[in-house]
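Residue numbers (the numbering used here), protein chains in the order written: chain A, 1252 to 2128; chain B, 133 to 505.
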């Protein structure tokens, strides 16, 4: 039962208390008394403790400021960002001793899948386990705020948001934190069983949870109670190394009745599940103070090395800030194996086997490696009058600490997102811009990728080529929008090595253009893919030397040897055929240059090319005659209509299916380059309905992905696409030849006047649906009508027609269903059905379409048409 | 291993880890009474408990007094000699040696800066502690039992502050602009604190001059927030307070607004409204937090915050305040808004209701409920 005392009564008792000195021995401590933190205590009043600077008072505000927020303010901030941004997702991971919810937040996009369809790697950052360490919830909230509100940078932040699942617990020990904030300047002295004169307890300086403690500071029988949640964890629970854990319930470091006896401790396991556990690669428990990283190690040497490297990244990055702080840590050879005291970082090291550490936020603590910083509040102009001032960061410092540590945390999240690999390679002929070779490594499951390689023409000696490398993550640090050395890193992280080997013989390469990390969004080779610096380009030439001629004389094959590191120094995966991951305390499927799995990475030699010693014909480049209908012979029932417009522009219509085997279609505008058509924005049109109910204002166009078409000749090519987290590719065979649009040498065939009607037609009152018409070489016509059904589902109808008395008549318009989108497409599932009849009267001034459908719900009708696009050939004036 | 600042020092400190793990266990078994007779422990083997006992059993007073007396007579050579003798004193255990020098360092706070020989202060600033004890959260990392360097540095900060206060008073005696100039030039927190100390000692009329002068320069120098705000509070200068609360930033702003809330309760609504209309999110959010408790329930205040719920920056601050509104009308308005289609405002209304439902309390609220296993 508690006994309540008023503050006045306690103060009166103080009058009888003798002078205490922090240097007196245990036998001379003074009785338990409430004391107040003040800036200065020149008279030595017994009911006060000098802090050396103003004691912070938490403010009930959600927005960050130069001070500390209350729990209500922090919680409001978390909830608001969860509701107002797409990057914060709250989950309750447990309850405190008082039954309060413990919230974890997943930062990043909603799904836990990368844009390659793989499970996202995960990190867990815990804050506020020790109630009095207010720096900690602010720092972890700072991480949340940085990810939630930082600008869309097409770089580090966007990469993390899209590709990593970052779990944070801003306030773990909610009950204790609230207790410290109820009386933000009051606590007891003379109460601690070990150091009664030195160690303030409960109130502002509560560290433990609230087991067996009421929330009334003035009831004094219980104020030493509670469990140190950072001593309550296996496997080293109740290991009193150096007196760092205690079974005395009054102790500041009481470890509890049994391992994970406290619900707060168990909540960490629930938070790890949000990763999920299999994807977890990092754990940090944020504390104060001392400005160090504490970590432990098991017998897992590889885990120790990786932890050390993560800490190196963290420390180096942070030290590079102006007036940067040095977060010290012990090297692994100085750390005993399998020793601990029951902390959470030990638990995550031993059980989850991920790099784990306790981050002790500044100020420093007088250790010589932080010299000349004196330690504690004296680091910031304080009087250095109390050794506990390090737990109470001055308000003047918290904004910097919050913001800079948040930025540093993102860099270690980035590192633990995984080793980079070269996902795509493109080689272009420098003179014509034509694609010569391409290689992509596409995931087939969470462990493996398959290679897709095309070489359209052998490389020639003494000819310039542009090499474009696409990586799985942004690779270079940016400072003011320009590539810069990663803060604190050595220079090797910004170099890229490109070599060529024929067998074991090195080829002589001329690298004429410095390898450049690309900063603009553009198709290869001009720009990056998804994130700034996730692609590099350079220009190279196989020199026409006797060495090269001899080396290539046998079969002309050679491989490119490519090596670089990501911005934190993690080398590329030498074998992109396997998907690097994390298991058992180390990287897995992360090969070195010899193909051996490990943690070092190596040189990627997966790209094998053919070179010719003889002069090759000029690479094929696009011309207007590439406009046609195209399809993959293995995917009958699906295809592409391509219109080439004047000005090197193009329009794509992709008639396909959805995942349910119902019709679907996508459209895009693109550009010609060399032998490629690039469509950076595939659009999915929604909101229309068939027939009179069509409302153009209800039509929406959503960007769902991109596609690139490449041709090796007028009749064959291939395309690849990326939609959402899916990627695919298809061969291209020509289906039609449009009249007046010869490809290759001109055929000199007569062109009838109606050839100018090839192109897109639509009813201006029905923007969002339309026709694409091709007048073919045999004077027939092919029409595709991209529209909707009466329920608003996308549909397409097609048919072949002839000109009858000035009217294009399509007596059998067809529709289809059956196959599904993507890899599972089955041409045998295709069902072809007659849809009805279409007639078109066309002229350069406009036209009319009349339809009569046999499919229920469509009926008949008339549309007034205008021509929307003209081909780059015969065209209306 | 790459060399980094202090890494070598850290390695040294942690080189004893394996040994320490074994020895720490053994050390705990040493009978306390035997401490005095036991050979001095290795500097890396002390625990706080043992060190505390060692200090308690040593009579430090005469040595501390002798050091202090030598300081008073400015006997630099004698002082350094006694400091060094104390540091190496063979009949004392290391914690007692550190404690004597620490206590002496703290005692210097009673003296003016020029009474302490520079050489002595340099000695203390560089003092390497002889007693390292386990860190609270990592027994293998050692921290000084008594941080003499921090105490010495703190002394200097204290003197800096005192000197700045005197300088500030002198400047104020001449013109308010002089103090403002000095405040802008100096960025050391102790010196700025000294200037604020000086300000706190002058007549309100002089503070009013500083307040008005700050107001004129505030647009170009927002780092004056603290000085301007403190001066305005001392002078009761509503105009400057209003300026600080609408354009201010930096440490101390929350306290100034809190002070304004207490001092200017009659004008609290006006101050709140001007902060809300300023367009600066941070001071406005702080104004909501600090002023709303004074104006809660006043219809105009409730309305002002209700209209801010849809504000991208201030909506959450308004929601947090309104979650504690005593007004029934506000409660109904929140419920109506929460069900409305005004998306940001509706979201914040729901936030306010959720915060209300979670019963998040302001600091200071207490509960006798015992938290049971």
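Here a beta-carbon is modelled for each residue, glycine too, at the ideal position from N, C-alpha and C.
With 16 or more neighbouring CB atoms inside 10 Å of its own CB, residue 1382(A) falls in the buried class.
Taking C-alpha positions only, residue 2006(A) is separated from residue 1396(A) by approximately 59 Å.
Against chain A, the CB of residue 343(B) has no partner CB under 8 Å away; the residue lies outside that interface. Residues of the segment 1293-1323 of chain A that bring their beta carbon within less than 7 Å of a beta carbon in chain B comprise 1303, 1309, 1310, 1311, 1312, 1313, 1314, 1316, 1317, 1318, 1321, 1322, 1323, in sequence order. Using a C-beta cut-off of 8 Å, the segment 1782-1797 of chain A makes contact with the segment 1751-1771 of chain A, since at least three inter-stretch Cβ pairs fall below that distance. Within the DSSP bridge table, the entry for residue 1980(A) names 1971(A) as partners. Residue 1850(A) carries a coil assignment under DSSP once its states are collapsed to helix, strand and coil.
Linking residue 439(B) to residue 1448(A) through their CA atoms gives a straight-line distance of about 52 Å. Annotation for residue 1323(A): 1311 place their beta carbon closer than 8 Å to its own, counting only its chain and skipping 5 residues before and after. Under the DSSP assignment, residue 1330(A) falls in the alpha helix (DSSP H) whose first and last residues are 1322-1335.
Shown here for residue 2095(A): same chain residues with a beta carbon closer than 6 Å to its own, the five before and five after excluded, namely 2127 in chain order. Around the beta carbon of residue 2112(A), fewer than 16 other beta carbons lie within 10 angstroms, which makes this residue exposed. Here residue 196(B) is not bridged, per DSSP, to any residue. DSSP places residue 486(B) in the uninterrupted alpha helix (DSSP H) bounded by 475-490.
Between residue 1548(A) and residue 1837(A), the CB-CB gap reaches or exceeds 8 Å. Any Cβ of chain A closer than 8 Å to the Cβ of residue 221(B) would place that residue at the interface, and such an atom is absent. In this structure, residue 1612(A) lies near residue 1652(A), with their beta-carbon atoms less than 8 Å apart. In the DSSP annotation of this structure, the continuous segment of the beta strand (DSSP E) that includes residue 1750(A) starts and ends at 1747-1753. Nearest to residue 1864(A) by C-alpha distance, out of 1500(A), 1828(A), 1845(A), 1799(A), is 1799(A).
Taking one beta carbon from each stretch, the segment 1406-1413 of chain A and the segment 1444-1460 of chain A have fewer than 3 pairs nearer than 8 Å; the two do not touch. Residues of chain B with a Cβ closer than 9 Å to the Cβ of residue 1453(A) do not exist, since the nearest Cβ in that chain sits about 12 Å away. For the segment 311-326 of chain B, residues whose beta-carbon sits nearer than 9 Å to a beta-carbon of chain A comprise 320, 321, 322, 323, 324, 325. Beta-bridge partners assigned by DSSP to residue 1946(A): none are found. By the Cβ test, the segment 2056-2067 of chain A is not in contact with the segment 1930-1943 of chain A, since fewer than three Cβ pairs between them sit closer than 8 Å.
For residue 1352(A), the three-state secondary structure derived from DSSP is strand.
Going by beta carbons, residue 1667(A) and residue 1370(A) fall outside the 8 Å limit. Among the residues of chain B, those whose CB is under 7 Å from the CB of residue 1629(A) are 282, 285, 286, 289, following chain order. Below 8 Å, enough C-beta pairs join the segment 1519-1530 of chain A and the segment 1343-1351 of chain A to call them touching: three or more.
In this structure, the CA atom of residue 1976(A) is about 59 Å from the CA atom of residue 1444(A). Checking the DSSP bridge columns, you'll see residue 2066(A) partnered with 2084(A). DSSP, read as helix, strand or coil, puts residue 1573(A) in coil. Following the DSSP letters along the chain, one finds residue 1667(A) in no beta strand (DSSP E) but inside the alpha helix (DSSP H) bounded by residues 1646-1667.
Around residue 1481(A), the beta-carbon contacts reaching into chain B at under 8 Å are 269. Using a Cβ-Cβ cut-off of 8 Å, residue 474(B) does not count as an interface residue toward chain A, since no Cβ of chain A sits closer than that to its own. In chain order, 271 make up the part of chain B whose C-beta sits under 7 Å from the C-beta of residue 1592(A). Short of 7 Å from the beta carbon of residue 2026(A), and not among the five residues preceding or following it, lie these beta carbons of its own chain, in chain order: 1989, 1990, 2005, 2006, 2008, 2009, 2032.
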